[in-house]
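Colleague: Quick mapping for you: the protein sequence lines, in order, are chains V and Y. With this note's numbering applied, the first sequence covers 2 to 560. With this note's numbering applied, the second sequence covers -9 to 156.
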Amino acid sequence: MTKPKMTGARAVIECLYRENVEVIFGYPGGTVLPLYDELYDANIRHILVRHEQAAAHAADGYARATGKTGVCLATSGPGATNLVTGIANAYMDSIPMIAITGQVPRSLIGCDAFQEANITGITLPITKHNYLVQDTKDLPTIFKEAFYIARTGRPGPVLIDIPKDVQNEIIEYEYPEEVKMRSYKPTYTGNEQQIKKAASVILKSERPIFYVGGGIIFSNACEELKDLAQTIMAPVTTTLMGMGAFPLAHPLSVGMLGMHGTRYANYAIQESDLIIAIGVRFDDRVTGKISAFAPNAKIIHIDIDPAEIGKNVRVDIPIVGDAKNILKSLARFVKIEQPKTDAWVTKIHAWKKEYPLTYKRDNLLRPQFVVEQISDVCPDAIICTEVGQNQMWAAQFFNYKNPRTFISSGGLGTMGYGFPAAIGAKVGKPESTVIDIAGDGSFQMNSQELATVVQNDIPVIVAILNNGVLGMVRQWQKLFFNQRYSSTCLKGSVDFVKLAEAYGALGLRATKKSEVRDVIVEAVKSGRPTVIDFVVEREENVSPMVPAGAAINEILDLE
Amino acid sequence: MKHTLAILVENKPGVLTRVAGLFSRRGFNIESLAVGVTENLDTSRITIVVSGDDNILEQVEKQLNKLIDIIRVSDIPAEDSVSRELALIKVGVDSNTRAEVMQIVDVFRAKIVDVGIKSLVIEVTGDESKINAIEQLLRQFGIKEMVRTGKIAMNRGAKVVQSEKR
């Protein structure tokens, strides 16, 4: 059979078809003109954003909501550099993503040509891998490898930089059927000896706890986790990235741990005799003072990335592999007639009763109340968040039940992430209600995407917890910098209702508790892109809180 | 503690940047570096000397293994391997000192690869301490220029660093 002849640009589209790409988030420019010409009548939806950063975040949000690989596209130079924050964000949270960038023609590379930037050099530390296409014939192999690398092992972003003349050159196109890479072979099956060892330690433990994160969700192992937790009757705490992996209403759930986690999760970790850590990386926001972390616990660490094991804490039993596989194997060796954890579970229930997550329930409109109402009105919504206080309240006061319903910038902590991520989530899951719980500071970092949601009819809801300040920084200034509120006041900046209306979106406002429910219902019913301005108490702090550098059981309640 | 790592990599552009970039951003220090092609033309071998305790070394190896173009990372133990560096040293000489310098070259089984009226270029191979020793001795005559390669190393006996990832 003769191979079809086509341009590099056409070949890219064919490669995307083969990888079942249904949507691209992007922004055109000089060096991607041939690609955009092919997209004009390709069977792939293209969402035109208003800033390339939003394209990267949207691809990321799409990937988190659907489990598929997100794709974003930008031109060379500034287009490519505008993707950088979004790529770094995806890298820190292990999100499968392909970033395609145009590059100046090969003959001009290195000449400081117009809109030239060495994007493969720039993204070296923030991509799982990247490619500069130097030979057009390599395009199909590169795409095959890139998608394979992005979604296998520990997922991550892969960038493909395509010079403009490569897009125009004619090649004989053939998509490889399989990937041949001698240097990349992720481990999926856990070592059986290690699994048996882990099982025997689990069987002996009287105070075990599961500490699980994003890895559980990426590996689709939530059911297996629930089964094993119920078998051994052990509490489950999740990281921010793991929200939704285990239903918060489950009696064994202790919610989120760490700096703004629940008291009972942190106490449970500190008093446990065994931590079963799965798909987590012992981040400093979780462990607090590392030398005082879980002093009496043995640690089983299950992760697909061998480099995570022993990176931050000593591990007694490491198991490298896919969480779902390993949990299934573990279940075969963990057979329990009568769990030994009765006293432990009783103690945890007592803590849960004594130290619930709470806030002042008075007549004032407090942000926590807004999140609770959203949870009540839209229990099945996909919640995206910005970064800061809004993010923590969204994590604390929404009743998460299912994986892939909490989408937040965990590792990088990117303000401006939530709204474009919500766009990606809604495009991937059009049947779901998608709500970005935002702060007035974060939302303004990418509010230009209101134009995107209106033009493309993507009815996401932005719920702004508007306190007129950069709340989390202000909270730290209040606690640690003598209330010197240096550059954290946003008062008088924007009328968000008018802003929404200016873009053609629906703008709503609530200033009293009694109005909250109605505006949420109205937003959902409208089926339109909506911004809700919740004018909330300015002074509210995220509580409880572990001060930086303290052990996680040294947790404070803030007024 | 110093460790010598033999790193087999795909012989592609940019791979050395990936390796060097990893060291700098993770805060690992490269003490010495040598790169060259292996018996397979599609594979290069990077020899890196890195200092640090066992934990640091473990992280270095694991992080290197995460790089897509890295085929294999292998720790070459000092006690069970041979290692060499090469140096070219240009020494200033006159009729009084030339003979003495040539004697030192003889003792070290080094070679004179260029003779000028006022200078000699000496080629010396050996382990780090040997090269340090000859450098020390030649210093009194005036070293005008010196260039040293990074260390290369190989296991003794039948053991080899193979191009299959563990």
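Built from N, CA and C at the ideal position, the CB exists for glycine as well.
Report the neighbours of Y:Gly11 on chain V: residues whose CB is nearer than 8 Å to its CB, in chain order.
Modeller: Result: Leu125 and Pro126.
Colleague: Does DSSP put Y:Asn145 in a helix, in a strand, or in coil?
Modeller: Y:Asn145: strand per DSSP, three-state reduction.
Colleague: For V:Ile150, return the contacting residues in chain Y, with the cut-off set at a CB-CB distance below 9 Å.
Modeller: Correct list: Ile58.
Colleague: State the Cα-Cα distance for the pair V:Ser273 and V:Lys69, rounded to the nearest angstrom.
Modeller: Whole-angstrom Cα-Cα distance: 36 Å.
Colleague: List the DSSP bridge partners of Y:Thr33.
Modeller: DSSP lists Y:Glu0 as partners of Y:Thr33.
Colleague: With 16 other CB atoms within 10 Å as the buried threshold, where does V:Gly429 fall?
Modeller: The residue is buried, with at least 16 neighbouring Cβ atoms inside 10 Å.
Colleague: Mind checking if Y:Ile36 is an interface residue toward chain V, Cβ cutoff 7 Å exclusive?
Modeller: By this cut-off, Y:Ile36 is not an interface position.
Colleague: When DSSP builds the beta bridges, which residues end up paired with V:Ile467?
Modeller: For clarity, residue 467 of chain V is Asn in the given sequence; the question names Ile instead. Paired residues: V:Val536.
Colleague: Return the Cβ separation of V:Asn467 and V:Asp558 in integer angstroms, given the expectation that the two are a contact with Cβ distance under 8 Å.
Modeller: Not really, about 25 Å apart at Cβ, beyond 8 Å.
Colleague: Can you confirm whether Y:Ile(-3), when its beta carbon is compared against all beta carbons of chain V, has any partner nearer than 7 Å?
Modeller: Chain V, which has no Cβ nearer than 7 Å to the Cβ of Y:Ile(-3), makes this no.
Colleague: Keeping to the same chain, check which residues put their C-beta closer than 6 Å to that of V:Thr124; ignore five residues upstream and five downstream.
Modeller: For V:Thr124, where only same-chain residues beyond five positions count, the Cβ hits under 6 Å are Ile88, Asn131 and Leu160.
Colleague: Return the residue from the list V:Asn391, V:Lys186, V:Leu17 and V:Val346 that minimises the CA-CA distance to V:Val372.
Modeller: When only C-alpha atoms are compared, the closest one is V:Asn391.
Colleague: Helix or strand or just coil, what does DSSP make of V:Phe294?
Modeller: Looking at V:Phe294 - three-state DSSP - the assignment turns out to be coil, as it is neither helix nor strand.
Colleague: Could you tell me if the beta carbon of V:Ser108 falls within a distance shorter than 6 Å of some heavy atom in the ligand GDP?
Modeller: Of ligands this structure carries none, so the ligand GDP is not represented either.
Colleague: CB-CB under 6 Å to V:Ala81, same chain, minus the five flanking residues each way: which ones, in chain order?
Modeller: These residues qualify, in order along the chain: Ala75, Thr102, Ala118 and Ile120.
Colleague: Got a sec, what are the start and stop residues for the alpha helix (DSSP H) V:Asp162 sits in?
Modeller: From DSSP, V:Asp162 is part of no alpha helix (DSSP H) but of the beta strand (DSSP E) over Pro158 to Pro164.
Colleague: Have a look at V:Ser95, V:Ala295 and V:His261 and flag the residue whose alpha-carbon is nearest the alpha-carbon of V:Val281.
Modeller: Ranking V:Ser95, V:Ala295 and V:His261 by Cα distance to V:Val281 puts V:Ser95 first.
Colleague: Locate the beta strand (DSSP E) running through V:Lys6, then write down its first and last residues.
Modeller: Lys6 to Thr8 is the extent of the beta strand (DSSP E) around V:Lys6.
Colleague: Between the C-alpha atoms of V:Glu225 and V:Arg405, what's the straight-line distance to the nearest angstrom?
Modeller: Spanning the two alpha carbons is a distance of roughly 16 Å.
Colleague: Measuring only the C-alpha atoms, how far is V:Ile127 from Y:Leu57?
Modeller: Going by the C-alpha atoms only, they are around 12 Å apart.
Colleague: So, using beta-carbon positions, are V:Ser443 and V:Met416 closer together than 7 Å?
Modeller: Yes, the pair counts as a contact, with Cβ atoms nearer than the cut-off.
Colleague: Under a Cβ-count criterion, where at least 16 other Cβ atoms within 10 Å of its own Cβ denotes burial, should Y:Arg156 be classed as buried or exposed?
Modeller: Because the pLDDT at Y:Arg156 is just 39, under 50, the model does not fix this residue reliably, and the point stays unresolved.
Colleague: By the 10 Å Cβ neighbour count, where 16 or more other Cβ atoms means buried, how is Y:Pro3 classified, buried or exposed?
Modeller: Burial call: exposed.
Colleague: Any Cβ of chain V within less than 7 Å of the Cβ of Y:Lys155?
Modeller: Reliability of the predicted coordinates at Y:Lys155 is poor, the pLDDT of 43 falling under 50, and the value obtained from them is presented with this limitation in mind. Yes, because at least one Cβ of chain V sits closer than 7 Å to the Cβ of Y:Lys155.
Colleague: Step through the CB atoms of chain Y and report whether any lies within less than 7 Å of the CB of V:His130.
Modeller: Judged by the 7 Å Cβ criterion, V:His130 is in contact with chain Y.
Colleague: For chain V, find out if any of its Cβ atoms is closer than 7 Å to the Cβ of Y:Ile46; answer yes or no.
Modeller: It does not; no Cβ of chain V falls within 7 Å.
Colleague: So which residues of chain Y does V:Tyr185 contact, with C-beta pairs closer than 7 Å?
Modeller: Those are Ile58, listed as they occur along chain Y.
Colleague: For the region 304 to 324 of chain V, enumerate the residues whose C-beta is nearer than 9 Å to any C-beta of chain Y, in chain order.
Modeller: Taking 9 Å as the Cβ-Cβ cut-off against chain Y, the residues of the region 304 to 324 of chain V that qualify are Asp306, Pro307, Ala308, Glu309, Ile310, Gly311 and Lys312.
Colleague: Look up V:Ile305 in the DSSP assignment and say whether it is helix, strand or coil.
Modeller: Here V:Ile305 sits in coil by DSSP.
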